[in-house]
Amino acid sequence: MKKHCAAVFAALLVGGLATSATSQDVTLTSRDGGVTIAGNLLGFDGEFYRVETIYGELTVDGSGVTCDGPGCPDLIDFVAELRLSGAAAMGDVMMPALLEAFANRNGYGLRSDRLGDFGFDVELLQSTDGKPLAVFSFSPSTTDEGFADLLANEADIVLSMREIRKEERDLAREAGMGDLSGPNRSRVIALDAIVPIVAPGNPVRSISPQDLALAFAGRITNWSALGGPDAPIALHLPDKRTGLGQSVEDRLLTPAELDMAENVTFHRISLDLAGAIEADPFALGIASYAETGNTQVLALTSACGFDLNANRRNIKTEDYPLTSPMFLYLPARRLPKIGQEFLRFLRTPAAQQVIRRAGFVDQTPEEIVIDAQGQRFANAIVSAGSEIQLEDLQRMINTFAPMRRLTTSFRFEAGSVRLDAQSRSNAQQLARALERGQYDARQLLFAGFSDGDGAAEANQKIALRRAEAVRRAVVSAAETADLERVTLTVDSFGEAMPMACDDSSWGRQTNRRVEVWLR
6 MKKHCAAVFA ALLVGGLATS ATSQDVTLTS RDGGVTIAGN LLGFDGEFYR
56 VETIYGELTV DGSGVTCDGP GCPDLIDFVA ELRLSGAAAM GDVMMPALLE
106 AFANRNGYGL RSDRLGDFGF DVELLQSTDG KPLAVFSFSP STTDEGFADL
156 LANEADIVLS MREIRKEERD LAREAGMGDL SGPNRSRVIA LDAIVPIVAP
206 GNPVRSISPQ DLALAFAGRI TNWSALGGPD APIALHLPDK RTGLGQSVED
256 RLLTPAELDM AENVTFHRIS LDLAGAIEAD PFALGIASYA ETGNTQVLAL
306 TSACGFDLNA NRRNIKTEDY PLTSPMFLYL PARRLPKIGQ EFLRFLRTPA
356 AQQVIRRAGF VDQTPEEIVI DAQGQRFANA IVSAGSEIQL EDLQRMINTF
406 APMRRLTTSF RFEAGSVRLD AQSRSNAQQL ARALERGQYD ARQLLFAGFS
456 DGDGAAEANQ KIALRRAEAV RRAVVSAAET ADLERVTLTV DSFGEAMPMA
506 CDDSSWGRQT NRRVEVWLR
C-alpha cells in the first residue's frame, strides 16, 4: 500500500499554490480509488491542488485524482487567480502596464475593475470567446502591508521597494514559504533611487550623503551650512511604512549611526511630497527617482569623488550610491501557469521598455565606451593615494582602453563578502545572457576594486578575491552555458579608482565593487 501511495502521488509536495479567497472542504481520490486525501482546499492553479490536511499542507497533482466537495474548482472554465500586494509605486502604474504589455503580446483581452479604495482587478480574457482566463488582483499600499498580506495568506507576490527584513524572513520560513531571501524567492525587476530634492529656485545644487544624513537627523538645520541662504531647513520624507521611507533609514541614517529628526513631515503619496517641496523654497526632501515632479534633484558629492547625478546609467551601474532595487518576493509555492509565463515575460526586452516608459530604470545591460569614462579616470588620478603609483594607473587604463564597460556591476553588503540584492540579481541576469550565447567570442573581464582602508597591496588582493567570487557565482548560475565560447577573466586594481571618500561606511561600500568589462 505504501508503494502504491507513493506511485499515485509521486508529484505530492510540501508547499503551496496560488491561494483561493476561501478554503473549503474537498476530498481528493486517486483514479483507482486506493488513496483518499480530505481537507480544506487552499488553492488550485489549474494543475495542482493545495490542501490543508491533518498531515499538514500538501500539494497534489490534479491529473492523478478526482475532486469531490463544495470547494472543488470548475475544471472546464478554470480562471487562474494571482494576488499582488505591496508598494504603491509598483502596483499603481508599473505592474499594470507590464500586465497590459503581456496581454497584448499574447493576444489576450483586458478588463479592469476598481475595488473601491482597496485596489483593483485586471482580468485577462480569452481571444476566442472573451471568457476570463485569469484575474490579477492588485492591492497597492506599502511594502510593510505587502509582507503582512503574504504572511496572512492574502497575497501570492509581494511588491517591495526594499529588501525583506529578518523578522519577515523568519516568519515566512516558519509558515512554510521557504527562504524569501534565496535566489529563486526574490527577483529585482527594476531599479529606482533615493534622490534629494529641493525647490527649483533653491541655489544649492549638490549635497554629500553625510550632510544629507545630518540634515535629516536634525544636526544641520540651516541652509547656510550647505551653501544656501540663511534660512531653516524644512524636512520632508515618504511615509515611514513605505519601502522608500524605510530605505532612507536603512541606507542613509543607520550607516551614519543617526536617528530621524522629530520635525520631519511625512507624505503617504509621492506626488504630494514633490508638490510640497516645489512650493517651499526652503524645503529639503528625499523622493523616488521616478517621482520628483517639478523639483530640482541634487547631485551627490564628496571631497574624494566627483558629483554623481541620479541618471539611468549611474543607477544601473550602482555608481550612484543610493540605488534602490524594486523587488518581487515569491513564496515557495506553485503559481498558475499563466502567472509563471508573466514572470518570464518580465525578463524580456519588451518588458524592460515598459519599465523605462514608467519612469523607472530597466535592467537591460548597456556597454559604455571608453571615451565616456574620462571623468572616472580623471578622478582616479586626482584622488590616488600615496600608495598608488603611476604605473598602477597606467596598467588600469591600458587594460580598459580596448574594452567597453558593461553596466552590470557587483557590490557587496556592508561588512560582508555576500553580494547585495541588486548584484545577486545581476549575477542571474549575466548568467542567462551567457546561456543565450549573447557574449560568445568575446572576453568578459571581472575587475575588482576596493576601498582605501588599509594597505594598498592587501586591498588589491581582497579585490581580486571578490572578482573571483563574482566570476564563480556567475559561472555557477549559468548551468547550460557553453563557457568554451566565451573568455572569462579576472583582474584587480584595488583602490586605484575611488568613487567616493573612505571616511564613511557608504563611501567604503561604494568603492568596494566588481565591474565587468567587455572586449
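Under this note's numbering, the sequence shown is numbered contiguously, ending at residue 524.
Ideal placement from N, C-alpha and C gives every residue a C-beta, glycine not left out.
Query                                                                                                                                                                                                     : Result
Inspect the CB distances between the region 266-280 and the region 181-194 and report whether three or more fall short of 8 angstroms.                                                                    : no
Please go through the same chain and pick out, in chain order, the residues whose beta-carbon is closer than 6 angstroms to the beta-carbon of residue 78, but skip the five residues on each side of it. : 49
Am I right that residue 257 and residue 218 are in contact with their C-beta atoms under 8 angstroms? What's the rounded C-beta distance?                                                                 : 5 angstroms
Buried or exposed for residue 414, going by 16 or more other Cβ atoms inside 10 Å?                                                                                                                        : buried
Locate the beta strand (DSSP E) running through residue 331, then write down its first and last residues.                                                                                                 : 328-334
What are the partner residues of residue 72, as DSSP defines its beta bridges?                                                                                                                            : 33
Considering only C-alpha positions, which residue in the set 196, 85, 46, 145 is nearest to residue 367?                                                                                                  : 196
So residue 252 and residue 331 are supposed to be a Cβ contact under 8 angstroms. How far apart are they, rounded?                                                                                        : Contact flag wrong, Cβ pair sits at about 11 angstroms.
Measuring CB to CB, does residue 311 end up less than 7 angstroms from residue 215?                                                                                                                       : no
Mind checking who residue 269 pairs with in its DSSP beta bridge?                                                                                                                                         : 240
Under the assumption that residue 429 contacts residue 517 (Cβ atoms under 8 angstroms), give the Cβ distance between them as a whole number of angstroms.                                                : Not confirmed; about 15 angstroms, so no contact.
In whole angstroms, what separates the C-alpha of residue 123 from that of residue 87?                                                                                                                    : 16 angstroms
Here's the rule I'm using: 16 or more other beta-carbon atoms within 10 Å means buried, otherwise exposed. How should residue 291 be labelled?                                                            : buried
Look at the Cβ atom of residue 406, then the Cβ atom of residue 502, and state whether they are nearer than 7 angstroms.                                                                                  : no
My assumption, with CB atoms under 8 angstroms, is that residue 498 sits in contact with residue 454. Please give the rounded CB distance.                                                                : 6 angstroms
Please determine if the region 341-358 and the region 98-106 are in contact, where contact requires at least 3 C-beta pairs separated by less than 8 angstroms.                                           : yes
Taking the C-alpha atoms as reference points, what is the distance between residue 230 and residue 243?                                                                                                   : 24 angstroms
Count the other CB atoms, across all protein chains shown, that sit within 10 Å of the CB of residue 234; report buried if there are 16 or more and exposed otherwise.                                    : exposed
Report the rounded CA-to-CA distance for residue 220 versus residue 509, giving the unit in angstroms.                                                                                                    : 16 angstroms
Name the two residues that bound the continuous alpha helix (DSSP H) containing residue 43.                                                                                                               : Not the alpha helix (DSSP H): residue 43 falls in the beta strand (DSSP E), residues 41-49.
Would you call residue 80 buried or exposed, if buried means 16 or more other Cβ atoms sit within 10 Å of its Cβ?                                                                                         : exposed
I'd like to check one pair, residue 523 with residue 411: are the Cβ atoms closer than 7 angstroms?                                                                                                       : yes
Would DSSP call residue 285 helix, strand or coil?                                                                                                                                                        : coil
State the beta-bridge partners of residue 3 as determined by DSSP.                                                                                                                                        : Only positions 6 to 524 of the chain appear in this structure, which leaves residue 3 out of reach.
Between the region 297-314 and the region 197-211, can you find at least three pairs of beta-carbon atoms closer than 8 angstroms?                                                                        : yes
So the alpha helix (DSSP H) residue 81 belongs to, where does it begin and stop?                                                                                                                          : No alpha helix (DSSP H) contains residue 81, which DSSP labels as neither H nor E.
Of all the options 462, 443, 441, 431, which has the alpha carbon lying nearest to the alpha carbon of residue 479?                                                                                       : 431
Return the chain-ordered list of same chain residues with a C-beta closer than 7 angstroms to the C-beta of residue 27, the five sequence neighbours on each side being excluded.                         : Bear in mind that the predicted position of residue 27 carries a pLDDT of just 43, short of 50, making it too unreliable to give a figure here.
How far does the alpha helix (DSSP H) with residue 511 in it reach, from first residue to last?                                                                                                           : 510-516
Nearest to residue 90 by CA position, among 125, 69, 74, is which residue?                                                                                                                                : 125
Within 10 angstroms of the Cβ of residue 120, are there 16 or more other Cβ atoms? Answer buried if so, exposed if not.                                                                                   : exposed
So, helix, strand or coil for residue 218, using DSSP?                                                                                                                                                    : helix
Closest to residue 254 by CA distance: which of 327, 236, 404 is it?                                                                                                                                      : 327
DSSP three-state call for residue 233: helix, strand or coil?                                                                                                                                             : coil
How many angstroms separate the CA atom of residue 468 from the CA atom of residue 184?                                                                                                                   : 29 angstroms
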